[in-house]
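Working notes, structure below.
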Amino acid sequence: MSKNLDRDDPTCVIKMLDEFRSCNPSVNLSNLIDNRSRAVVPTKLQFDESTVSSDNKKRKFTDSNVSVGLGEISADDSDLSVLASPWKTRWMKAELAETKAQKASLEERIQKLHSIRMELELMFDNEKTSLLKQQERDRETIKALEGRVAVLRKREVESRDELSQYKQSAESCKYKLEKKILLQLQEEYARFFHQFKQMELTHKKCAAGEQRISELEAELALSTEEATSLKDYIKLLEEKVVRVTNLKHQVELDEHRLTQAQQRIKELELEKEKGEEARELLEKQQHNLMRLPDLEREVALLRDENRNLRDAVHNKLILEEEVMDLRSRQTGFEEREQKLAQLEASHGHLESVLERWRQLARDHCLGVPPEKAMAGPELLRMRIETLQQKELLLTADVGHLDSRMKATQQAKSKVSMELGKATKQIEGMQTVNDDQSKLIKRLQKRLLLVSRERDSYRSQLDLYEKELTITSSSGFVNSQQQQQKSRIEALEKTIEGYRDLVEKLEADLEKTVKGVQFSERISKLEEEINSLQQEKEHLMKRRDELEVELEYRALKGDFNPVKSKVLHFRMNPAAEAEIQREDRLTRLQQECDRLQVRVRVLEEGQTQDVTEAVNLHLAASNTQEVQDLQKEIQSYEMKLQRVKEIVKTTIQEYRDACYMLLGYRMDRVESGLCRLSSMYAESEDDYLVFKLNDSGPDLLETPYSTTLEPFINLHLKRQHSPPMFLSAITMDLFSHQTN
């Protein structure tokens, strides 16, 4: 069954092999070989059919599906040489060539089949990818359709809601129309009834009554026509409602129409009853038409009364208007009286304030005649300017005094730091002195011991000399003398060492004495610091007194500080005292440095030539410090120069940018004062001066600012906006130049 299926497949290798076997039956070489030559067994071409996998759905072909025994063929080639007959060899070679050609053709067909298989696989892959893409598209379309279904459902729900709302609105509209029609009919009925009552009261002429009756009948006909038209309109509305409510079941529509028809029948019956009542009333009114002449007389009288009443009402309205006008004028006069009283009070207050200002001007403008002082506020303004200038000078003096006080405080802090260092050094020196005193005591004890040893050695030397004089043997004496000489030399060397030790100890004692002198110097420095503090307090008190005196003089106006100058001698006592104080501080600083180096040398254990070592250390440290300081100064000067250049360039760029963009050049006159010059100014003297405060900039008076009174009043006094003031000046100057 499987063979049949395989043979039906056009791409099957087994079918090709069967065709090859059917076309070439001589492939079986075993039938042509003699039994005697069984040693040489030629092999036939074998195709491994077991490697071909037969699948009904899909087959895969590889190079291993067809296997040709090339090794066996090569073995046959080697064995053909053994055959006896040349004909057989030729036949075998021909067969071999034929089989090789068939093998090549088969390999080509196999390669073609492989290419076909690859193409089929590519086709399958393409179809697979296309199917996957189609599947993704189907999913997307399904999602889109689901979204549309959801939207349609929402729309359906919304349409249902709208339908229900429309039904409700139609029902409400119908109810309102019915109610409106009923109200109109009731109003018409009331109007007819009122007209009938008037006809009963008036009883005019019979002809007029008949005409009125005909008119009423015509109106009744019109009302009936209107009722029919309204009925038609209601029918149209009902048709619209029916069109809207066609979605409902037909049974509900029929029931609804039935109920509407019943209601309409009832309404028509009610209208019919009302029409009959109106006719009865008309018939009753016809009997009352005979009284029309009397009613006409009464109407004439009533018209005269109405005319008189209208005239009276007109006169009354005129009088009321006159009364209202008089009352409004009275209220206006009362308000004017109140304003007049307020103005009189404010006038009195302003006069008192003006008198106070005048008195203030008289008090402060000393040495000025009263007619000039009363001329205007110019003198007071000049006085204020002078006071402002004095205030600026006093603030500068106060700043100078503050700087001096800060310098004295810094000097005090430095001296206090030096004092602390000196006290620490004194404590260290005291500990060193204690150690040295203990060491001196020990050395004194050792000195006593050495002196005793010296005395003992001298006594021994004396004894040896005596013995030398006594002894007589020469050789023995010479040897003993040499030993004694060497011994004496050694003892002398030890004595010299002890002498050096004693000298060192004496030098240490002198140093300790100098340490005591150093403590005395420190106490003197403390006394000088106390005196400097007292001097500082005295100077601060003197500064306060001078500030008070300056304020008093500024208020008194004795002299003009702007024009007056204070001269100082070069070699005045204050300058000399300051120079002496600086020299004293430098000397004390040098002495402190020297003592520090001396203590450091003593701590290192050096006892010889302490002063020379101290001087060398000081010179080396001073030179090194001077070099380091010079290098630091040079580096700082370079940095400062660079910073200055950068700051200058940035400031110049900023000023140029402000000048080009804002139209004003800013110049700093003093601390807190700024001068502004406009780009469009007509001269260099046209500038403004502002004083910077915490609350904001204040405009100071200049010759140019006196010409800008309108801008000052508007933008500075009312609006409190310096930018608007400056922009208004710029616009004004620009307009003048362009014009």
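Just so we're aligned, residue 1 is where the sequence shown starts under our numbering, counting upward by one. Built from N, CA and C at the ideal position, the CB exists for glycine as well.
Proximal residues to residue i (C-beta, below 7 Å), its chain only, five neighbours per side dropped
i, result
"Gly420", "none"
"Glu637", "none"
"Glu526", "Leu419"
Beta-carbon spacing of residue i, residue j below 9 Å
i, j, result
"Leu201", "Leu295", "yes"
"Leu740", "Tyr659", "What is shown of the chain runs 1 to 739, which leaves residue 740 out entirely."
"Leu532", "Arg581", "yes"
"Glu417", "Lys536", "According to the sequence provided, residue 417 is Met. The question's Glu does not apply to it. No, they are not a contact pair."
"Gln388", "Leu700", "yes"
"Arg668", "Ser677", "no"
"Ala261", "Tyr189", "no"
"Gln430", "Cys592", "no"
"Glu239", "Gln184", "no"
"Asp397", "Leu546", "yes"
"Val599", "Val432", "yes"
"Phe569", "Ala575", "yes"
"Gly663", "Thr730", "yes"
"Ile181", "Leu230", "yes"
"Glu551", "Leu394", "yes"
Same chain, Cβ closer than 8 Å to residue i, neighbours up to 5 away in sequence not counted
i, result
"Arg584", "Glu528"
"Glu684", "Ser677"
"Asp77", "Residue placement at Asp77 is flagged as unreliable, the pLDDT there being 44, under the threshold of 50; the coordinate-derived value follows with that caveat. Counting only Cβ-Cβ distances below 8 Å, and skipping sequence neighbours, we find Leu96."
Rounded separation between residue i and residue j - CA only
i, j, result
"Ala221", "Gln186", "16 Å"
"Ala728", "Leu716", "11 Å"
"Gly348", "Thr331", "26 Å"
"Glu604", "His400", "48 Å"
"Glu351", "Ser413", "60 Å"
"Lys174", "Val151", "33 Å"
"Leu595", "Glu549", "47 Å"
"Leu602", "Thr611", "11 Å"
"Glu158", "Glu215", "54 Å"
"Leu106", "Ile116", "15 Å"
"Leu163", "His256", "17 Å"
"Phe333", "Leu317", "24 Å"
"Asn739", "Ala361", "44 Å"
"Arg153", "Gln165", "18 Å"
"Gln168", "Arg264", "20 Å"
"Glu335", "Thr702", "45 Å"
"Ala411", "Asn572", "22 Å"
"Ser735", "Arg329", "49 Å"
"Val68", "Arg109", "Confidence at Val68 is low in this model, with a pLDDT of 38, below 50, so its placement is unreliable and the value that follows should be read with caution. Looking at the two C-alpha atoms, the distance is approximately 14 Å."
"Glu136", "Asp161", "37 Å"
"Ile651", "Gln641", "15 Å"
"Ala101", "Glu95", "10 Å"
"Asp138", "Leu113", "36 Å"
"Gln123", "Arg155", "Inspection of the sequence shows that residue 123 is occupied by Met rather than by Gln. The straight-line gap from Cα to Cα measures roughly 46 Å."
"Phe192", "Arg310", "29 Å"
"Asn126", "Gln111", "22 Å"
"Lys390", "Val647", "33 Å"
"Glu344", "Val353", "14 Å"
"Lys639", "Glu645", "10 Å"
"Thr89", "Glu98", "14 Å"
"Glu520", "Asn615", "22 Å"
Cut-off 6 Å between Cβ atoms - residues of its own chain near residue i, not counting five sequence neighbours on either side
i, result
"Glu219", "none"
"Leu726", "none"
"Asp686", "Tyr704"
"Gly475", "Here Gly475 scores only 47 on pLDDT, less than 50, and its place in the model is too uncertain to base an answer on."
"Val415", "Ile529"
Check: residue i C-beta below 8 Å from any heavy atom of the ligand ADP
i, result
"Thr611", "This structure does not include the ligand ADP; it has no bound ligands of any sort."
Those residues which DSSP pairs with residue i across a bridge
i, result
"Arg264", "The partner list for Arg264 (beta bridge, DSSP) is empty, contrary to what the question assumes."
"Phe690", "Cys674, Leu699"
"Arg668", "Cys674"
Sufficient close CB pairs (3 or more, under 8 Å) joining the region 660-676 to the region 352-361: A contact between stretches requires three or more CB pairs, one per stretch, nearer than 8 Å, and the region 660-676 fails this requirement with the region 352-361.
I'd like to know if the region 683-694 and the region 712-721 are in contact, where contact means that at least 3 CB-CB pairs between them fall below 8 Å. The region 683-694 and the region 712-721 do not touch, with fewer than 3 CB-CB distances between them shorter than 8 Å.
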